[in-house]
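Enquirer:
Residue numbers (this note's numbering), protein chains in the order written: chain A, -11 to 653; chain B, 5 to 306.
Below, the structure written as structure tokens:
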């Protein structure tokens, strides 16, 4: 297949055209009167483009070369270069995969017939978001990069506020908009400083800048703020849970599975510019990464909204990836090729893994919300009986995201653990070892969060009448989920293949290192891991057979769950989601608090009343919200400039530009 | 090869005997004769022959719980070395697989418990989830210390390495580790003072309450898997606490069996002289164990 493609097409051209086709896929729908055909056209186009794009990206990844196109655009910012090197090609894989799966899911989840007003816009911006992300990965001109970045950020905003008639959605949209533009402001600083260093807006080639120059820390900090805000690294994560929770589910899947990775791509790309980064950079990334992972998962444990829980767990996973990147950078600074390789392989593989299981879970949450009509986990229960297929696929995703063997999440965490342990022999950065127990704690908490999620949604009996009659999702919704579940299992059982997939991207990052020996050594370990996975499945199959045989030998009866003698148990007496996580949340009381509003009961026979609990983030409540309110008061006078008159706004831009030009001359 | 066969044979046959020894020890402390040593084997065989009652609320997840618990414990048994003999499967990083295998078993046990829709079983799994995630870091600190002492990244390398000589050098670190890991051993296997495997209906228990609705062969599998888990974690602990070896392969196997039985007696003694802790004390003890293990890590990496 590869050789055939090589003969017929240039893979870079195929990837670029696939990106453009995806961007235009939603346009016909905007002009068609009848609901339906537009969505079908768009979905078909996106899937076909992805079918061409994924092999092309794979081929580019393994070609070890970079393909360059130059666009003559006539703007005074230097030539507009589009380059696809293995690192870009690696990030292109999730873009194509998740977009295609999400658009197929949308046919069943957001059918045009039922959503006549919102569907055309949703489909259009969905294609635009995916296309802008693909082109972002190719952009090598700072100004062009920021333009594409803004297209991406704004189309995500329009997708997010699809259901803008709801107040919480509008609020989430505003918070997202502020966060993303704070990040963009940092990116303006970043690209201007870069241009000041190199003399042009064309991004510098790998390893061409010195990290010791006085500007380098400022550039790195601007990149960290700008890209970190998009990726949701602590402490720049506050916008993320509400944004991902309020978007339609297939959009959440793309935002969480792919768009967060664009922020990470920015950080990866920035780090390639510099040679000899100081230890501090790696240290900062590692500390921010592990605290994102730990705090993110603590937030997730306390949530009661299904999609908020998934969104908080994205913060955790981004944290794990950032930790890997930080560790790899420490490896570069200390000239330790094993640490560099393992950190980088763990981080990149976790990027790929997260773009398999997180979309799987978000798409699953869409199917759940369809069936139960709510996002509140405490009102669900027993959905597994009505929708067994979704239940099974969701279980695969939950096990994978907890990093448990034999699925893919375990493989990337395994590589990171090996990286931490490798410091035992070198003695140089021995305190990295303390990351291992912390990562183990993160894994344990992830299990609390996801057993809570799975248990309160799919298991037990329905806790509300709405959840009592679930229906199985249709084929268009199940097929994308099944694809992701299969990929999770594939990476889990054949980790050596996955390691081969990330190797070219690592090589692109640090071409100088002698990687062959290291990668062969860890490839052999991956073979063993794959053997253990197969062994585990065989053992489970044997145990199942033994049990089936014994079951056949004796009487099997069905009876209600044993209520310990109590006859009148109700569904509300089950352990709900909040009750399940209460103990775990109480251990981390300072970080996350379950705020319970209890009614005061009076008299012997109190009447009906309400009791409610809300999970609250201490950091957000105590520091960030007051800080923003203070900023709002201090900068209140600027409100006068803001009056909603479009032409005056344009005048502002013109005057600013004019003054700047005068100043420059 | 012979050693691998003996390893697998012991892993299959011996686990319930530990339960028998614990029971006998407790009986001796209480001044009773107690059930015979092989009582757990009788129990498991009898349960295997019984019929099954499935709750009408349950789905396939409930049925998968015991199977996964057994499969994970069985694979973990292949990774851990018994006595002075290396394990049948060993590779760099297998200790991480070992730790995460138990997580897989726990995930499915908890899911099976939640599947019954019973408030008791939900309560049990909520506790199990919290306590096990607090116990996890202790195991990792122990693995770091052992890996540092032996220079090996595999369980066989790091555990077989411990000998009287190593104890002489680093007695402080190993002593702290023995303390921390004993707490983890008791907590993970739901023994007193964390949990009481003999009660079935009290609000203070963890593991037993999660399997209330399992019956017949499924319960037999659960009992056996729990015994196997005790055996596997016990084998880890025995390496730390009783690191004797003679050099003669057969004698070493005998020594390993005796050490495991000694461990069972110690667990039985602890269960006889201690009461169960109050639930709110359990997290404190688990965090204390983590800090003990962290101290031992600091001692060896300084």
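By construction, the Cβ of each residue, glycine as well, lies at the ideal position given by its N, Cα and C atoms.
Because the structure is a prediction, the values reported are computed rather than measured.
Hey, is residue 93(B)'s beta-carbon within less than 8 Å of any beta-carbon in chain A?
Expert: For residue 93(B), the answer is yes, since a Cβ of chain A falls inside 8 Å of its Cβ.
Enquirer: What does the alpha-carbon distance come out to for the pair residue 452(A) and residue 445(A)?
Expert: So the two alpha carbons sit approximately 11 Å from each other.
Enquirer: Taking 8 Å as the CB-CB cut-off, is residue 36(B) touching chain A?
Expert: It does not; no Cβ of chain A falls within 8 Å.
Enquirer: Could you name the residues that DSSP lists as bridge partners for residue 68(A)?
Expert: 59(A).
Enquirer: Which chain B residues are close to residue 538(A), counting only those with a beta carbon under 7 Å from its beta carbon?
Expert: Ordered by position in chain B, the residues that pass the 7 Å Cβ test against residue 538(A) are 52, 221.
Enquirer: Can you give me the C-alpha to C-alpha distance between residue 259(A) and residue 4(A), rounded to a whole angstrom?
Expert: If I take the Cα positions, the gap works out to 25 Å.
Enquirer: Can you tell me whether residue -5(A) is buried or exposed? The criterion is at least 16 other CB atoms within 10 Å of its CB, across all chains shown.
Expert: Low local confidence applies: a pLDDT of 49 at residue -5(A) is under 50, so the model's placement there is unreliable, with the coordinate-based value given in what follows. Exposed, because fewer than 16 other Cβ atoms sit within 10 Å of the Cβ of residue -5(A).
Enquirer: Excluding the five sequence neighbours on either side, which residues of its own chain have a C-beta within less than 6 Å of the C-beta of residue 314(A), listed in chain order?
Expert: Taken in chain order, the residues that qualify are 270, 273, 274, 277.
Enquirer: Rounding to the nearest angstrom, what Cα-Cα distance links residue 304(A) and residue 289(A) in this structure?
Expert: The alpha-carbon atoms of residue 304(A) and residue 289(A) are separated by roughly 11 Å.
Enquirer: Let me know the secondary structure DSSP gives residue 59(B) once reduced to three states.
Expert: Correct three-state label for residue 59(B): strand.
Enquirer: Grab me the residues of residue 234(A)'s own chain with a C-beta within less than 7 Å of its C-beta, minus the 5 sequence neighbours each way, in chain order.
Expert: If we look at residue 234(A) and ignore the five residues flanking it on each side, its Cβ neighbours are 148, 156, 157, 160.
Enquirer: Just grab the DSSP bridge partners of residue 86(B) for me.
Expert: According to DSSP, which records beta bridges pairwise, residue 86(B) is partnered with 89(B).
Enquirer: Under 8 Å between C-beta atoms, does residue 131(B) make it to chain A?
Expert: Closer than 8 Å to some Cβ of chain A, the Cβ of residue 131(B) qualifies, so yes.
Enquirer: Helix, strand or coil, according to DSSP, for residue 197(A) in the structure here?
Expert: If DSSP states are grouped into helix, strand and coil, residue 197(A) belongs with the strands.
Enquirer: Considering residue 643(A), what are the terminal residues of the beta strand (DSSP E) in which it resides?
Expert: Per DSSP, residue 643(A) belongs to no beta strand (DSSP E); it is in the alpha helix (DSSP H), 634 to 652.
Enquirer: Which same chain residues, not among the five before or five after residue 148(B), have their C-beta less than 7 Å away from its C-beta?
Expert: 301.
Enquirer: Using a Cβ-Cβ cut-off of less than 8 Å, list which residues of the stretch 270 to 289 of chain B approach chain A; keep chain order.
Expert: Flagged, chain order: 287.
Enquirer: Are the C-beta atoms of residue 387(A) and some chain B residue less than 8 Å apart?
Expert: Output row for residue 387(A): interface = yes.
Enquirer: Applying a beta-carbon distance threshold of less than 7 Å, which residues of chain A neighbour residue 195(B)?
Expert: Within chain A, no residue comes near residue 195(B); the closest Cβ sits about 20 Å away, beyond 7 Å.
Enquirer: Ends of the beta strand (DSSP E) at residue 671(A)?
Expert: Since the displayed chain A opens at -11 and closes at 653, residue 671(A) lies outside it and no answer follows.
Enquirer: What residues from the stretch 110 to 125 of chain B come within 9 Å of chain A, judged by C-beta to C-beta, listed N to C?
Expert: From the stretch 110 to 125 of chain B, only 110, 111, 112, 114, 115, 116, 117, 118, 119, 120, 121, 122, 123, 124, 125 have a Cβ closer than 9 Å to chain A.
Enquirer: Quick check: residue 460(A) and residue 378(A), are their CB atoms within less than 8 Å of each other?
Expert: Taking 8 Å as the Cβ cut-off, residue 460(A) and residue 378(A) qualify as a contacting pair.
Enquirer: Should residue 282(B) go down as buried or exposed, given a rule of 16 or more other Cβ atoms within 10 Å for buried?
Expert: Residue 282(B) should be labelled exposed.
Enquirer: Measure from the alpha carbon of residue 6(A) to the alpha carbon of each residue in 30(A), 572(A), 217(A), then state which is nearest.
Expert: That would be 30(A), whose Cα lies nearest to the Cα of residue 6(A).
Enquirer: Give the list of continuous alpha helix (DSSP H) stretches no shorter than 4 residues that lie fully inside the stretch 289 to 357 of chain A.
Expert: Listed in chain order, they are 294 to 321.
Enquirer: For residue 600(A), does the three-state DSSP call read helix, strand or coil?
Expert: Strand.
Enquirer: DSSP state of residue 294(B), grouped into three classes?
Expert: Of the three classes helix, strand and coil, the one that applies to residue 294(B) here is helix, per DSSP.
Enquirer: Using DSSP with H/G/I as helix, E/B as strand and the rest coil, what is residue 614(A)?
Expert: Three-state DSSP puts residue 614(A) in a helix.
Enquirer: Please determine, among 132(B), 176(B), 285(B), the residue with the shortest C-alpha to C-alpha distance to residue 153(B).
Expert: It is 176(B) whose Cα lies nearest to the Cα of residue 153(B).
Enquirer: Answer with yes or no whether the minimum CB distance from residue 57(B) to chain A is below 8 Å.
Expert: Output row for residue 57(B): interface = yes.
Enquirer: Verify the CB distance criterion: does residue 532(A) have a CB-CB separation below 8 Å to chain B?
Expert: Judged by the 8 Å Cβ criterion, residue 532(A) is in contact with chain B.
Enquirer: How would you list, in chain order, the residues of chain A whose beta-carbon sits under 7 Å from the beta-carbon of residue 248(B)?
Expert: Near residue 248(B) there are no residues of chain A at all, since even the closest Cβ is about 26 Å away, more than 7 Å.
Enquirer: Would you mind working out which of 355(A), 549(A), 390(A), 569(A) sits nearest residue 463(A), comparing C-alpha positions?
Expert: Closest option to residue 463(A), Cα to Cα, is 355(A).
Enquirer: Which class does residue 568(A) belong to by DSSP, given the choice of helix, strand or coil?
Expert: DSSP places residue 568(A) in helix when its eight states are reduced to three.
Enquirer: Can you tell me where the beta strand (DSSP E) holding residue 547(A) begins and where it ends?
Expert: Taken as a continuous stretch (DSSP letters only), the beta strand (DSSP E) holding residue 547(A) covers 544 to 547.
Enquirer: Does the distance from the CB of residue 455(A) to the CB of residue 381(A) come in under 8 Å?
Expert: No; because the gap between Cβ atoms is not below 8 Å, this pair is not in contact.
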